[in-house]
DNA sequence: GTCTATACAGCGATAGAC
DNA sequence: GTCTATCGCTGTATAGAC
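Chains as they are written, first to last, in our numbering: chain A, 1 to 186; chain B, 187 to 372.
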């Protein structure tokens with residue numbers, strides 16, 4: 001990644017953080033200009049498609065991070081190591097529960113309909129990558145699928161609960177128990 | 187409940203549905219007037235506090251429903267029956283995954299800060315009511331608390347996943363497994 | 001690339017007739 | 001109670017100077 005691309009990625013990451021905090025509708029362009037320090041002219045220079053394109057870029061960046069750090073290792077590497085790596089990456093990415101999942105947040109309201117494909121692809125791949133890793137670890141097909149669904153759903157639910165109760169510890173404890181449950185199969 | 191109160195409750199339920207579908211920011215007054223058939227004058231007659239008061243009333247109605255159908259039975263009745271009743275009520279309320287949880291949706295974005303107390307009280311009471319029912323059923327304290335947290339988080343995550351994948355079956359399957367997991371302790 | 005100025009639609013909210 | 005008209009503001013988006 002050249003410096004130019006890196007700056008652009010940093011900008012997208014900043015915008016993604018605003019979407020996470022305010023939601024799609026709540027993330028106004030004035031908030032985005034304020035938090036990024038860029039005028040509207042600059043923003044529309046980088047994202048000719050406007051706010052919709054900014055959100056799409058944010059989702060694509062999230063997907064890319066998970067693809068490289070979680071999905072591909074789950075599909076490729078030895079299962080126990082990849083699954084342990086998944087839990088470390090999850091904890092790192094969600095900052096131990098301080099940060100929510102942009103895909104999950106967008107999925108819950110009307111924003112979903114703007115980004116159906118990106119959101120669906122992300123969760124589908126996460127579940128199927130985890131399922132296949134569990135199968136390689138010896139879990140039989142149906143059980144592996146159920147375990148993968150329960151795990152991904154459990155992470156989303158833990159993020160919701162942590163924010164609802166304003167307690168990051170909630171996420172850390174939930175994640176530890178989900179991790180322990182998977183570990184019994186490895 | 188007299189007819190006047192019943193009409194008012196039906197109006198709040200209609201408004202709640204709009205918030206569920208569009209989120210707080212996305213639920214504009216023009217959408218609300220359109221879907222309810224009431225002009226802005228009427229809406230502000232019923233809710234002098236405006237949109238904020240409409241959302242607060244919606245959350246209060248949700249809380250009331252769960253209190254009567256889930257929290258109080260869990261706190262009062264025999265544990266196995268109350269827990270079975272909880273699962274039936276959950277499935278009924280969320281329409282087998284077609285409907286999301288307003289509390290959970292509001293918790294995820296900046297809307298949370300407007301309704302911190304209502305959202306926090308709802309989840310706190312759900313978890314503690316379930317925990318105490320499990321304790322009465324013979325599960326020891328810490329395990330009951332963990333199980334209650336995992337269950338409520340699991341329901342929220344299943345709702346997120348069902349909407350993200352646009353597949354109600356996802357919720358039904360997840361809920362059935364969560365139910366089975368609790369049943370092993372009863 | 002970045003800014004300021006601006007277009008115009010939609011927002012939440014209010015007033016007042018009926 | 002319900003409506004229409006309208007307020008002031010903010011929303012997204014664009015134009016054009018630099």
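Glycine included, each C-beta is placed from N, C-alpha and C at the ideal position. Here the structure is a predicted model, which means the values were calculated and not measured.
- DSSP, reduced to helix, strand and coil, places residue 279 of chain B within a helical segment of the structure shown.
- Within the same chain, and ignoring the five residues on either side of residue 255 of chain B in sequence, the residues whose Cβ sits closer than 7 Å to its Cβ are 275.
- Interface criterion met: the Cβ of residue 156 of chain A is under 8 Å from a Cβ in chain B.
- Secondary structure at residue 12 of chain A: helix, using DSSP grouped into helix, strand and coil.
- A straight-line Cα-Cα distance of about 26 Å links residue 182 of chain A and residue 324 of chain B.
- In this structure, the straight-line span from the alpha carbon of residue 130 of chain A to that of residue 152 of chain A is close to 9 Å.
- Take residue 73 of chain A, set aside five residues on each side of it, and the residues of its chain with a beta-carbon closer than 6 Å to its own are 82, 85, in chain order.
- Three or more Cβ pairs drawn from the region 281-295 of chain B and the region 104-121 of chain A lie within less than 8 Å of each other, which places the two stretches in contact.
- Secondary structure of residue 370 of chain B (DSSP, three-state): coil.
- Per DSSP, residue 28 of chain A lies in no alpha helix (DSSP H) and is assigned neither H nor E.
- Only those residues of the region 284-309 of chain B whose C-beta falls short of 9 Å from the nearest C-beta of chain A are listed: 286, 287, 289, 290, 291, 292, 293, 294, 295, 296, 297, 298, 302, 305, 306, 308, 309.
- CA-CA distance, residue 354 of chain B to residue 348 of chain B, rounds to 5 Å.
- Rounded to whole angstroms, the gap between the alpha carbons of residue 196 of chain B and residue 7 of chain A is 51 Å.
- Every unbroken stretch of the alpha helix (DSSP H) spanning 4 or more residues and falling wholly within the region 237-283 of chain B is given here in chain order: 258-262, 265-279.
- Nearest to residue 175 of chain A by C-alpha distance, out of B:336, B:344, B:345, is B:336.
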